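In our numbering, the protein residues as written are 62 to 219. No residue lacks a Cβ here, since even glycine has one placed at the ideal position from N, Cα and C. Just so it is clear, the structure is predicted and the values come from calculations on it, not from any experiment. Reviewing the structure listed below.
Okay, structure coming up:
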């Protein structure tokens, strides 16, 4: 049985790029972001795993890079062996790291919360397409972040 999967996705949109006061306010909404996820199914509908995410954006007179590492749980609304599998889930807590080209760096453990909804469409038994919307709320360096994002990508089951 194919009980594990890896997802590689690219961020399309993020609504709150002024991630914290330390790195400044975003002046240009253009950014580059992506996610690598590893998940393992507990049964036909429930999946747990880890997400490594990173993004870079332009803030006032600087370029900012942020990475995170967080656990997740997903409930697939259809069994994992169906061709189309919508899901919803939660993720939270995690390690956040940020740096900018002016030399300011920092890291923080945050007890945050994320609520993704998405779908997977399996082209073959092992390769699929993924789309996801998610809301993230966490604090970093004492500043609160509310982020609404979307991503698309590819999944591989093994």
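What number of angstroms, rounded off, separates the C-alpha of residue i from the C-alpha of residue j?
| i | j | result |
| --- | --- | --- |
| residue 180 | residue 148 | 6 Å |
| residue 84 | residue 209 | For residue 84, the predicted model reports a pLDDT of 41, less than 50, meaning its position is unreliable; a value from the coordinates is still stated below. Going from the Cα of residue 84 to the Cα of residue 209 covers about 19 Å. |
| residue 86 | residue 174 | The pLDDT assigned to residue 86 is 42, lower than 50, so where the model puts this residue is not dependable, and the model offers no usable value. |
| residue 118 | residue 130 | 18 Å |
| residue 163 | residue 126 | 11 Å |
| residue 115 | residue 128 | 4 Å |
| residue 138 | residue 100 | 16 Å |
| residue 70 | residue 182 | 14 Å |
| residue 73 | residue 93 | 9 Å |
| residue 193 | residue 145 | 14 Å |
| residue 102 | residue 143 | 14 Å |
| residue 111 | residue 160 | 22 Å |
| residue 107 | residue 113 | 20 Å |
Pick out whichever of the options has its Cα sitting closest to the Cα of residue i.
| i | options | result |
| --- | --- | --- |
| residue 188 | 94, 219 and 116 | 219 |
| residue 200 | 157, 116 and 114 | 157 |
| residue 191 | 213, 110, 160 and 140 | 213 |
| residue 153 | 94, 184 and 177 | 177 |
| residue 198 | 66, 172 and 109 | 172 |
| residue 109 | 146, 185 and 66 | 66 |
Considering only DSSP beta bridges, list what residue i is partnered with.
| i | result |
| --- | --- |
| residue 208 | 197 |
| residue 213 | 71 and 192 |
Thinking C-beta only, is residue j closer than 8 Å to residue i?
| i | j | result |
| --- | --- | --- |
| residue 141 | residue 105 | yes |
| residue 216 | residue 68 | yes |
| residue 186 | residue 96 | no |
| residue 150 | residue 134 | yes |
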